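A short worksheet on the structure shown next.
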Amino acid sequence: MNYAYNVSHLLAGLMLVASFALLYQDRIFAVLNTFAAQAMLLAMSVGWEGWSQGRPNLYITAAIALILKGIVIPVALHRMIVRLGIHRDVEQVLNVGKTLLIGLALTALSLLLVLKVTAAAQNFTREGLALALAIILLGLLMMITRRNAVTQIVGFMSLENGLILAATGARGMPLVVEVSVAFSVLIALFVFAVFVFRIRERFDSVDIDALEQVRGDRK
Amino acid sequence: MIASVSLVIGIPFAAALVMTLIPSYRLSAFGNVLAMGATFAAGLSLLGVTQEAGTYFIIDDVNILFVILNTLVGFTTSVFSASYIGHEIETGRLTPLFVRFYHAMFLAMMGAMNLALTANNIGLLWVGLELATLITVVMVGIYRTPAAIEAAWKYFILGSVGISLAFFGTILIYLAGQAALGEGMPAMTWSLLQANAAKLDASLLNLAFIFLLIGYGTKVGLAPLHAWLPDAHAEGPTPISAVLSGLLLNVALYALLRFKMIVAAHPAAIDPGPVMIVMGLISLIFAAFMLYQRRDIKRLFAYSSIEHMGLIVFAFGMGGMLANFAGLLHMAIHSLTKSAIFFTVGHVAQAKETQRIADIRGLSVSHPALAIGLAAGVFAISGLPPFGAFMSEFLIVTTTFARSPWLALFPVFGLLIAFGAMLLRLQDMLFGEPVGPSHRVKASSLPLVLHLGLVLIAGLYLPPHLAGWLERASELLK
């Protein structure tokens, strides 16, 4: 284990901590701030990978993560929330204790799974991959436990952070994919924005519970 | 090869840009038909090119079949869509501005699907499928009713989870190939991965396949990952339901098959067959039972799509020459038949102003032509002779029976259950006293007649050229 691995593990570990923080934040602004912090950690991590692997094109991915996910999107969501007047508490389906326990179990699962499966492989950071998978699973968990459209968006973007961490940790994975991921995040955001505005128009709220009432077969 | 491939992908995307500039919906509907016709011609031209694998694109017998099916159904759907959209504008459900975007998105979606189908780079494959999905999400929500937004939201959330897991699977495939093929492009190139499959890291390959199966399986609509599918079909415009069922599910299945080919070529990796057999059978039997409780006509046929995708995945799970042949044939026939059914259903829903089966009664009295079309479609999809689905289902069951007799009971059971449900619902809709509003519809019957005609011909006589082509494709899929 050398110095380069240690730094990337440190950054990935901090991102995982941010994922856990996202799980229990119940104020919507705190959720956005935590997400912005995670995105900035991602930018640092990708930048570090770019330097240690000698792949300057990763700096582009890092810049996208920093500017778009670390600054532009949180600010935009922040403004939208103020305009919609929904900066109240975030409701959760499960309580915080249970959610965190499930989060711990998912983290343990991904560590055990990835470290076991990649036991023979040496040419990439196995721990980095395991941490990335844990971040992805925690993002999924957040999307399930939150009932508010904005926090579900944040859950999805935190999941994407995990994906980009995994993609950049894989040594030499062609740039084509990283650009496409950034691109897809843009499109996803566009779609999300459209939805949030439409939901607002229809229900005067971005609470998914308002949607749940119209689900299922029309009787 | 590159010229044809770039036409197949380029025409729809270029036309999509043009569509955003045309304000008249009549003109843009016509332009849509024209562009899809040109794309279909470009798809057919793939038959004449040399089959080869480049860095980014690949053409072989398998994906030529998928591309031609894709562009054909896209073309006929654009014809149907022109008459459907005209009616929606008259009734005021859609405004001309939305129709402008509708046509642009329709074309962009076709381009994205063709990109996924011709990609040799597993990242590009993912991008194409992702783009097509995101566009359909917007299309599903286009009516902006609460139900449509709920359906689009559910589709979006489940679709993105599927997309993310598939992407993680793609990263794992890259890592599995990295040691043998070196860093960079080669480890992302499908043809190289497949050719060198035996040298890949087996345990990483296993893990990757699980993620890809769950990720792309969500898009195929395999139970228990199917929750988005009925809502998305029911709440969007009917041409989109036809394209979802007939095409997008196929493209996701295609992605799954490509990765199955890599995993199956590795002696020490898990056998993807049994996993696919189990998931296919669960979808088939679950959807067959769910058919009985449906009250919405589009939901009914959406569950029928889950049922048939289950059967197709089962066939590919069985593997081997004959089962693959039957799976490919059934996939093509299902696409043609199901989109034909949705064409009819679209007109029925417009004529009766409702999608509720209980309110669509006495069609045989009020709209005899639609009734005949619907009955023919339901018979064809239920696998009655002389339609093509009979032959493909018969092949799937007999080849299963020859290899493991007990296993053959499950698909037969599921198909019979589904057949019963279909007949019951068809009877509800065709007979009885007509109730509620009833309009005349200006329907173009050409797409319907063309699709059912092709399905009928496939059931009676499979031309040797086509059979030979399917055989070569099944050989590749082995």
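Protein sequence lines, in the order shown, are assigned to chains A and B.
Here the first sequence is numbered in my numbering, starting from 582 and rising by one per residue.
Here the second sequence is numbered in my numbering, starting from -17 and rising by one per residue.
Just so it is clear, CB atoms sit at the ideal spot from N, CA and C, and this is done for glycine as well.
All of these numbers come straight from a predicted model, not from anything done at the bench.
List, in chain order, every chain A residue whose beta-carbon is nearer than 7 Å to that of residue 166 of chain B.
753, 755
Chain-ordered chain B contacts of residue 724 of chain A [CB-CB under 9 Å]:
139, 142, 143
Comparing the C-beta of residue 612 of chain A with each C-beta of chain B, is any distance below 7 Å?
no
Exposed or buried, which one is residue 745 of chain A when buried takes at least 16 other CB atoms within 10 Å?
buried
Residues in the segment 732 to 750 of chain A having any Cβ partner in chain B nearer than 9 Å
733, 737, 740, 741, 743, 744, 747, 748, 750
Coarse secondary structure for residue -5 of chain B, derived from DSSP in three states:
helix
Counting beta carbon pairs with one atom in the segment 190 to 200 of chain B and one in the segment 732 to 748 of chain A, are three or more of them shorter than 8 Å?
no
Could one say the Cβ of residue 80 of chain B lies closer than 7 Å to chain A's Cβ atoms, at least one of them?
no
For residue 4 of chain B, which residues in chain A fall below 9 Å Cβ to Cβ?
By Cβ distance, chain A contributes nothing, its closest Cβ being about 22 Å from residue 4 of chain B, past 9 Å.
Any C-beta of chain B sitting closer than 7 Å to the C-beta of residue 698 of chain A?
yes
Buried versus exposed call for residue 796 of chain A [16 or more other C-beta atoms within 10 Å across all chains shown]:
Confidence at residue 796 of chain A is low in this model, with a pLDDT of 48, below 50, so the placement of that residue is unreliable and no value is reported for it.
Does the segment 225 to 245 of chain B come within contact of the segment 280 to 289 of chain B, defined as at least 3 CB pairs closer than 8 Å?
yes
Own chain residues within Cβ distance below 6 Å of residue 169 of chain B, not counting five before or after
156, 159, 160, 163
Can you pull the chain A residues whose beta carbon is under 7 Å from the beta carbon of residue 149 of chain B, in chain order?
744
Measure the C-alpha to C-alpha separation of residue 599 of chain A and residue 608 of chain A and round it to an integer number of angstroms.
15 Å
Got a sec? Which residues, its chain only, sit under 7 Å from residue 346 of chain B by beta carbon, not counting five neighbours each side?
353, 412, 413
Nearest by alpha-carbon distance to residue 124 of chain B: which of B:301, B:114, B:75, B:251 is it?
B:75
Taking only the alpha-carbon atoms, compute the straight-line gap between residue 17 of chain B and residue 70 of chain B and give it to the nearest angstrom.
22 Å
Please report whether the beta-carbon of residue 378 of chain B lies at a distance below 7 Å from any beta-carbon of chain A.
no
So residue 721 of chain A contacts chain B; which residues on that side make the cut at Cβ distance below 7 Å?
143
Would you list the one or two residues that DSSP bridges to residue 40 of chain B?
B:35
Can you give, in chain order, each stretch of the alpha helix (DSSP H) that sits fully within the segment 21 to 100 of chain B and has at least 4 residues?
43 to 72, 78 to 100
Between A:662, A:699, A:618, which lies nearest to residue 649 of chain A when the distance is taken from Cα to Cα?
A:618
Determine the DSSP secondary structure at residue 103 of chain B, reduced to helix, strand or coil.
strand
Which of the residues in the segment 94 to 124 of chain B, read from start to end, lie with their CB under 8 Å from any CB of chain A?
103, 105, 106, 108, 109, 112, 113, 116, 119, 120, 123
Bounding residues of the alpha helix (DSSP H) (the contiguous stretch that carries residue 742 of chain A)
730 to 750
Counting beta carbon pairs with one atom in the segment 352 to 370 of chain B and one in the segment 228 to 243 of chain B, are three or more of them shorter than 8 Å?
no
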